[in-house]
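Everything on this sheet refers to the single structure shown next.
Residue numbers (our numbering): 2 to 207.
Okay, structure coming up:
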C-alpha cells in the first residue's frame, strides 16, 4: 500500500475562520491547502490574504487557484515564504505555459488541476513541466458535495499515462471514500469538511 499524505483543504469566508482553522490544526500536518475562489471561475468567493498567511501560518502552504485569472492572483503571493506549491486549473487558462515564468521565478512547484469532466490525456503536452496532478472529486467551489465515482477511473488513467507524477484528490474525501482512493493509487488527499466537521476536533479527524 502506498504512503498516503493528507493536506487539509481550507476554504473560508473570513480571516477569523482561517485563524481558527490553522490554530486547530497546529503542526499536526506539514502543509495546508488554501482554496482561493473568485466568484468568476467558480460561483462562490473565499478569503485569502497573503499578508495574514505570511504573518500567522507556522507550516507550509499550497494555493488552490479556483480563479479566472491565475496569473494576476499569483502576483499577490510573490515573496510569501510559506507558499511552496501552486495548483492551477487546466480549464482556467488558455495556455498553461503562460504561468511558467512566474512559477519558476518564485521556485514554486506547479500542479495541474482537472475538473471532473476533463479527461487526463489533455495534460500530455505539459507532463514534463508540472510536478503533479490534482483531480477534483466534486465540482469545485463548494464543500459537502457527494464524491463523483468516475474520479477513481481518472486516477487509474493518470497513473497509467503519467506514472512519474503523483496524484492528489480534492473534494468528497472522507472516511467512506478513502479506501477506494487508496486502492487505485492516490498519493495525496485534501479533505475539507471531513477535517473541520464530524463534531470532533480537526486533530482527531486527522
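Cβ coordinates follow ideal geometry from the N, Cα and C atoms, glycine included.
Would residue 176 pass as a contact of residue 195 if the rule is Cβ separation under 9 Å?
Closer than 9 Å, so yes.
Rounded to the nearest angstrom, what separates residue 32 and residue 62 at their Cα positions?
Rounded to the nearest angstrom, the two C-alpha atoms are 5 Å apart.
In chain order, what residues of the same chain have a beta carbon less than 7 Å from the beta carbon of residue 153, not counting five sequence neighbours either side?
If we look at residue 153 and ignore the five residues flanking it on each side, its Cβ neighbours are 181 and 185.
Can you tell me whether residue 12 is helix, strand or coil according to DSSP?
DSSP, reduced to helix, strand and coil, places residue 12 outside both helices and strands of the structure shown, so it counts as coil.
Quick one: Cα of residue 108 to Cα of residue 85, how far?
When rounded, the distance between both Cα atoms is 8 Å.
How would you label residue 49, buried or exposed, when you count the other beta carbons within 10 angstroms and need 16 or more for buried?
When all chains shown are included, residue 49 counts as buried.
Going by CA-CA distance only, name the one from 205, 51 and 145 that's closest to residue 75.
Of the listed residues, the one whose Cα sits closest to residue 75 is 51.
I'd like the list of long-range same chain contacts for residue 155, defined as Cβ closer than 6 Å, with 5 residues on each side in sequence excluded.
Taken in chain order, the residues that qualify are 121 and 136.
Every unbroken alpha helix (DSSP H) within the region 4 to 80, with a cutoff of 4 residues, ordered by chain:
List check, alpha helix (DSSP H) in window: 16 to 26, 51 to 57 and 71 to 77.
In terms of residue numbering, what span does the beta strand (DSSP E) encompassing residue 168 cover?
Unbroken beta strand (DSSP E) run through residue 168: 168 to 171.
What residue from 19, 5 and 189 has the CA that sits closest to residue 197's CA?
Selected option, being the one with the closest Cα: 19.
I believe residue 141 touches residue 172 by the beta-carbon criterion, under 8 Å. Please report the beta-carbon distance rounded to the nearest angstrom.
So it is a contact: roughly 7 Å between Cβ atoms.
As assigned by DSSP and simplified to three states, the class of residue 208:
Since the first residue shown for the chain is 2 and the last is 207, residue 208 is missing from the structure and cannot be characterised.
So, for residue 13: in the same chain, excluding its five sequence neighbours on each side, which residues have a beta-carbon less than 7 Å away from its beta-carbon?
These residues qualify, in order along the chain: 19, 22, 47 and 48.
Taking all protein chains shown into account, decide if residue 96 is buried (16 or more other Cβ within 10 angstroms of its Cβ) or exposed.
By the neighbour-count rule (16 or more Cβ atoms within 10 Å), residue 96 is not buried but exposed.
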